[in-house]
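Protein chains: 2
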Amino acid sequence: MAGTDATKQQSGGGAKQPKQPKQPKQQQSGGGGGKKKEVKKETGLGLTNKKADNFGEWYSEVVVNGEMIEYYDISGCYILRPWSMAIWEIMQAFFDPEIKKMKIKNCYFPVFVSSTVLEKEKDHIEGFAPEVAWVTRSGKSELEIPIAIRPTSETVMYPYYSKWIRGHRDLPLKLNQWCNVVRWEFSNPTPFIRSREFLWQEGHTAFATKEEADTEVLEILELYRRIYEEYLAVPVIKGKKSELEKFAGGLYTTSVEAFIPNTGRGIQGATSHCLGQNFAKMFDINYENEKGERAMVWQNSWAYSTRTIGVMVMVHGDDKGLVLPPKVASVQVIVIPVPYKDADTQGILDACSETVNALLEAGIRAESDSRDNYSPGWKYSQWEMKGVPLRIEIGPKDLANKQVRAVRRDSGAKIDIANAGLVEEIKKLLDNIQQNLFDVAKQKRDECIQVIHTWEEFIEALNQKKMILAPWADEKEVEEDVKARTKGETGAAKTLCSPFDQPELPEGTICFASGKPAKKWSYWGRSY
Amino acid sequence: MAGTDATKQQSGGGAKQPKQPKQPKQQQSGGGGGKKKEVKKETGLGLTNKKADNFGEWYSEVVVNGEMIEYYDISGCYILRPWSMAIWEIMQAFFDPEIKKMKIKNCYFPVFVSSTVLEKEKDHIEGFAPEVAWVTRSGKSELEIPIAIRPTSETVMYPYYSKWIRGHRDLPLKLNQWCNVVRWEFSNPTPFIRSREFLWQEGHTAFATKEEADTEVLEILELYRRIYEEYLAVPVIKGKKSELEKFAGGLYTTSVEAFIPNTGRGIQGATSHCLGQNFAKMFDINYENEKGERAMVWQNSWAYSTRTIGVMVMVHGDDKGLVLPPKVASVQVIVIPVPYKDADTQGILDACSETVNALLEAGIRAESDSRDNYSPGWKYSQWEMKGVPLRIEIGPKDLANKQVRAVRRDSGAKIDIANAGLVEEIKKLLDNIQQNLFDVAKQKRDECIQVIHTWEEFIEALNQKKMILAPWADEKEVEEDVKARTKGETGAAKTLCSPFDQPELPEGTICFASGKPAKKWSYWGRSY
């Protein structure tokens with residue numbers, strides 16, 4: 098399917114059994130104050146878990162306290178609050194025009210799929226059957242035939258591709274949809290990372306030639322890399338999945354792979370599959386080519402999901418809360434008045450408004466927080482919790498000096514900036530924060546990469562939560578063997594990908610696991 | 098709920114039992130040619146039904162042949178093809194920024210709702226219960242408790258509004274989501290107009306005061322009017338629904354009402370409800386006001402759906418196919434080369450490309466159709482079927498005269514336009530087409546409006562498929578009586594709305610149906 102990535106992974110992830118964190122009520126409402134007394138209700142803003150100590154608990158606490166997620170009364174379902182939805186929309190505003198440039202068109206297929214169609218491709222349904230949600234009743238009537246909710250849309254769409262594609266001039270057929278999908282999993286639901294319903298885009302394309310399909314697979318993968326690296330500031334590795342890990346029913350799967358240093362787990366970021374001609378065979382998608390002969394199409398499918406947001410939180414968040422890269426933050430700069438006793442409060446408030454307006458005019462997403470029932474210190478904490486990249490403080494001294502004080506969320510660094518040239522400085526700072534987040538994340542990720550050659554080195558690196566780069570035989574049986582030998586409470590090790598960027602493989606190099614001649618380098622590790 | 102409008106209406110609509118029209122296969126693939134032989138396969142493009150003769154059949158044929166809809170193998174579900182999805186996206190690109198200006202934020206709540214929550218508001222669930230789809234099984238396991246798929250999201254969202262709203266500073270809370278909803282109806286499914294799944298936006302807002310809620314209801318309604326009138330070129334009437342027709346559980350409902358002259362039926366275009374404090378009571382949504390007292394919020398909900406597209410098709414379409422208003426057409430101008438024998442074919446093709454590029458640069462959505470296996474005439478028919486507002490033909494004579502020939506889809510008028518000043522002329526023409534579509538639709542609609550005073554006049558006008566403006570007592574019992582007395586094969590008459598723009602009501606005017614003193618003017622008719 099397009100994107101096993103999004104939620105379908107083996108159980109036992111690093112975010113262990115996230116429970117709804119217990120929180121004082123006033124935290125829930127963000128800026129709103131407590132139930133009983135509104136003024137100066139300044140308790141309970143901090144996180145009770147530390148990222149380094151209890152990663153799973155920290156994660157579920159930070160997505161709730163940062164107001165990205167609200168836990169829902171149906172387990173495994175989550176509410177995407179405006180703070181996370183805005184990030185989704187910003188990524189969409191990048192990706193959607195990019196695929197339109199590639200002449201991919203949006204459409205919408207039904208959320209329902211009949212069992213006969215769903216079960217047509219055997220390998221495919223085998224992967225999804227255990228987690229398909231079935232509608233069996235409407236009102237008080239039993240349906241004659243149960244109807245499935247889409248876990249992905251290959252089987253929903255391809256009968257119609259068969260109908261629409263007749264001749265070579267109907268090709269390529271390139272469609273995409275933005276929608277919700279449902280996978281009713283029972284193990285370890287985790288906000289964004291593994292949820293029973295999630296949002297994604299799924300692209301489904303059909304070509305006359307394998308070459309065109311191959312080209313598109315990589316073009317889309319590059320867009321996924323850009324979402325992670327340029328928008329979310331998360332370094333990823335592009336590569337090809339192993340035979341065991343590829344999309345069942347497809348020809349080959351490419352992915353962008355991220356890594357969470359705290360848990361030592363890889364995480365599939367998004368996938369771009371070449372389906373080859375297997376689905377075309379099953380769904381009879383053929384056409385008359387230029388010579389007047391019948392030929393089968395070559396197909397791709399590709400997807401990224403709201404999982405992207407979870408990866409970003411896991412990579413950048415800290416013990417103060419979320420850390421949002423400026424490019425995806427719906428508020429890039431929060432301006433906070435700091436009126437001391439006897440200060441010119443109105444002058445300070447005016448300076449805050451002027452600053453916000455100047456930034457907005459320059460296309461910077463800025464807001465001021467002039468609530469008078471919270472202290473500046475409490476506001477600092479709250480906006481740090483929400484991960485706003487840059488805070489601007491304006492107090493009497495700043496007013497007098499015609500400057501503002503900027504505080505970076507990523508480094509905590511404080512910089513005084515003169516009002517003249519403010520906008521340019523802020524722009525530079527935001528760019529710098531974006532780059533710094535990526536650089537720091539890359540450095541941390543790179544420090545986790547361990548090149549190994551032997552089984553002993555492999556096990557040692559695995560125990561040290563490394564992302565392991567190893568020479569191997571590229572055989573299904575070997576990967577199955579590694580999985581069996583590393584099975585344990587925290588999940589078995591498996592291949593993450595074979596990177597496109599291959600280190601040199603000297604002749605005679607031996608597979609770390611089988612002792613056979615190595616065919617390529619692959620990343621291995623535990624994963625989400 | 099936000100928008101009973103979208104699909105929930107009494108049965109017996111004008112599009113009677115739309116069946117999938119039988120079509121020659123080559124029609125399905127649009128530009129692609131037939132299954133057996135590709136070259137010059139030029140048959141079967143026309144519609145087999147006429148709008149005036151078999152409206153229901155005409156409608157289902159035109160949405161399929163115009164490539165907006167593909168019928169799906171689950172009854173009542175339809176595939177939105179790129180041709181209709183683009184219209185949805187254009188409307189979204191207008192509406193979404195408008196509500197963001199109003200500080201309404203997007204979010205996403207789960208598609209699932211537990212039965213206990215769904216059933217909390219009695220009037221509400223009464224309206225929806227018969228058409229709720231229930232998930233009872235995942236994989237091979239029965240769920241412990243069946244879970245509903247949202248028919249609308251009041252009950253999904255409001256428990257969390259209760260949690261998030263604590264103090265007056267949390268107000269207003271203004272959220273919106275773009276999503277799919279499911280209403281498992283069994284009567285007369287019709288593409289766009291009444292389908293088991295549809296796309297919509299649903300806004301849900303909470304305010305401290307009724308005044309703020311009242312103001313927003315009308316602001317949103319004005320945006321809905323603009324979607325219909327400025328984008329879809331469909332005239333609508335703004336007004337208030339009767340007590341019988343208002344959203345059950347709400348305080349009052351406003352709507353924009355369209356009319357389909359061919360069937361003589363009104364159609365609810367979109368609704369903006371003031372929910373009052375009823376849901377707040379049920380879901381315990383209260384806050385501490387500035388005096389330190391508990392107070393209940395005032396709520397609104399509002400929605401428009403893919404139904405909008407169906408209304409547009411019904412109003413503007415003709416016996417040649419769809420007619421798209423330029424503002425929502427994904428292709429506004431189609432450029433077709435007309436190379437006669439011995440003509441300078443390459444020169445003509447080049448002129449087509451240049452024309453398209455010039456239009457694209459000016460922000461006009463233009464494409465050329467240079468397929469060499471179809472005749473110009475066949476292409477004319479196909480793009481007429483798809484409703485492209487303006488066709489440009491370029492032949493040898495045009496090349497020689499440095500001009501193009503433009504043909505309007507709305508009027509069929511042919512205009513020669515010199516290459517110099519082409520872009521400006523085309524812009525003017527598109528504006529003119531947009532205005533003309535609205536004017537013609539308004540004239541046709543207005544011709545159907547009949548002012549009546551007596552029961553006899555009412556019945557006569559109803560039989561003549563009029564949209565009836567009548568003085569009435571504004572009493573639930575009177576409307577119920579009218580419904581009972583007009584019940585029949587084609588559905589009972591009911592109120593459409595009481596227009597905000599009220600004609601004068603002289604003292605002593607009598608209700609057409611009850612003989613009691615009339616309180617207001619209302620529109621009546623059969624409806625979708």
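Protein chains in written order, with the numbering used here: chain U, 98 to 625; chain W, 98 to 625.
Quick reminder that beta carbons are idealized off the backbone N, C-alpha and C, glycines included.
| What separation, rounded to the nearest whole angstrom, lies between the Cα atoms of S284(W) and I334(U)? | 52 Å
| field | Contacting positions in the stretch 252 to 264 of chain U - beta carbon closer than 8 Å to chain W | value | P256, Y257, K260, W261, I262, R263, G264
| query | Going by alpha carbons, who is nearest to E601(W) out of M254(W), W618(W), V331(W)? | reply | W618(W)
| query | For L296(W), which residues from the same chain have a beta carbon less than 6 Å from its beta carbon, with the 5 sequence-adjacent residues on both sides left out? | reply | Correct list, in chain order: N277, T403.
| request: Indicate the three-state DSSP secondary structure (helix, strand or coil) for R462(U) in the structure shown. | output: Reduced to three states, the DSSP call for R462(U) is coil.
| request: With V408(W) as the anchor, note down where its alpha helix (DSSP H) starts and where it stops. | output: 404 to 413
| query | Sorted by chain position, which residues of the same chain lie with C-beta nearer than 6 Å to T606(U)'s C-beta, five sequence neighbours on each side aside? | reply | Excluding sequence neighbours, T606(U) sits near P568, A615.
| field | Pair within 8 Å by beta-carbon distance, Y625(U) and I290(U) | value | A distance below 8 Å separates the beta carbons of Y625(U) and I290(U).
| request: Quick one: using the 10 Å Cβ neighbour count with 16 as the cut-off for buried, is G612(W) buried or exposed? | output: exposed
| field | Length of the line joining the Cα atoms of Y328(W) and K525(W) | value | 16 Å
| query | Which class does R623(W) belong to by DSSP, given the choice of helix, strand or coil? | reply | Residue state for R623(W) is assigned as strand, using DSSP reduced to three classes.
| query | Is there a Cβ from chain W that is less than 8 Å from the Cβ of Y169(U)? | reply | Interface residue, yes.
| said: To the nearest angstrom, how far is the alpha carbon of A226(W) from that of K198(W)? | reply: 36 Å
| field | Pick from I530(W), W155(W), F191(W) that is closest to A510(W), judged by C-alpha positions | value | Shortest Cα-Cα distance from A510(W) to any of I530(W), W155(W), F191(W) involves I530(W).
| task | Please name the residue, chosen from S472(U), V279(U), E458(U), that lies closest to S235(W) on a Cα-to-Cα basis. | result | V279(U)
| request: Pick helix, strand or coil for Q532(W), following the three-state DSSP scheme. | output: helix
| said: On the CB-based measure, 16 or more other CB atoms within 10 Å of its CB, does Q540(U) come out buried or exposed? | reply: exposed
| request: Spatial neighbours of L315(U) within its chain, please: CB distance less than 8 Å, with the 5 preceding and 5 following residues excluded, ordered by chain position. | output: Take L315(U), set aside five residues on each side of it, and the residues of its chain with a beta-carbon closer than 8 Å to its own are T351, S369, in chain order.
| query | What are the boundary residues of the beta strand (DSSP E) that R391(U) is part of? | reply | 391 to 393
| said: Please report the distance separating the alpha-carbon of Y349(U) from that of G163(W). | reply: Distance between the alpha carbons of Y349(U) and G163(W) is about 36 Å.
| request: Let me know if L457(W) comes out buried or exposed under the rule of 16 or more other beta-carbons within 10 Å of its beta-carbon. | output: exposed
| query | Can the beta-carbon of R293(W) be found less than 8 Å from the beta-carbon of E282(W)? | reply | yes
| field | Span of the alpha helix (DSSP H), counted from its first residue to its last, around F647(W) | value | Since the first residue shown for chain W is 98 and the last is 625, residue 647(W) is missing from the structure and cannot be characterised.
| Taking DSSP as the reference, what is the three-state secondary structure of W231(W)? | strand
| request: Please report how far the alpha carbon of Q124(U) lies from the alpha carbon of A345(U), in whole angstroms. | output: Because the pLDDT of Q124(U) is 36, which lies under 50, any placement of that residue in the model is unreliable, and the number read from its coordinates should be weighed accordingly. Using only the alpha carbons, I get a separation of about 44 Å.
| request: Label K343(U) either buried or exposed according to how many other C-beta atoms from any shown protein chain fall within 10 Å of its C-beta, with 16 as the threshold for buried. | output: buried
| query | Which chain U residues sit within Cβ distance under 9 Å of A226(W)? | reply | G236, K237
| request: Identify, in the order they occur along the chain, each residue of the same chain with its Cβ nearer than 6 Å to the Cβ of E522(U), setting aside the five sequence neighbours on each side. | output: I514
| said: Just to confirm the assignment: which complete alpha helix (DSSP H) runs, minimum length 4, are found wholly within the stretch 269 to 340 of chain U? | reply: 307 to 323
| said: Output needed for H301(W): all residues of its chain with C-beta closer than 6 Å, excluding positions within five of it in sequence on either side, in chain order. | reply: M254, L272, S398
| query | Taking a cut of 7 Å between CB atoms, which residues from the stretch 199 to 211 of chain W lie near chain U? | reply | Sequence-ordered contacts of the stretch 199 to 211 of chain W with chain U read K202, N203, C204, Y205, F206, P207, V208, F209, S211 [C-beta pairs closer than 7 Å].
| Where I244(W) meets chain U, residues with beta-carbon distance less than 7 Å | Per Cβ cutoff of 7 Å: I171.
| request: Mind checking who M564(W) pairs with in its DSSP beta bridge? | output: I546(W)
| query | Quick one: what's got a C-beta closer than 8 Å to L534(U)'s C-beta in the same chain, skipping five residues either side? | reply | A330, H413, V420, P422, D507
| field | C371(U): contacting residues in chain W (beta-carbon distance under 8 Å) | value | By Cβ distance, chain W contributes nothing, its closest Cβ being about 23 Å from C371(U), past 8 Å.
| query | By Cβ distance below 7 Å, which residues in the same chain neighbour G444(U) in space, the five residues on each side in sequence not counted? | reply | L496
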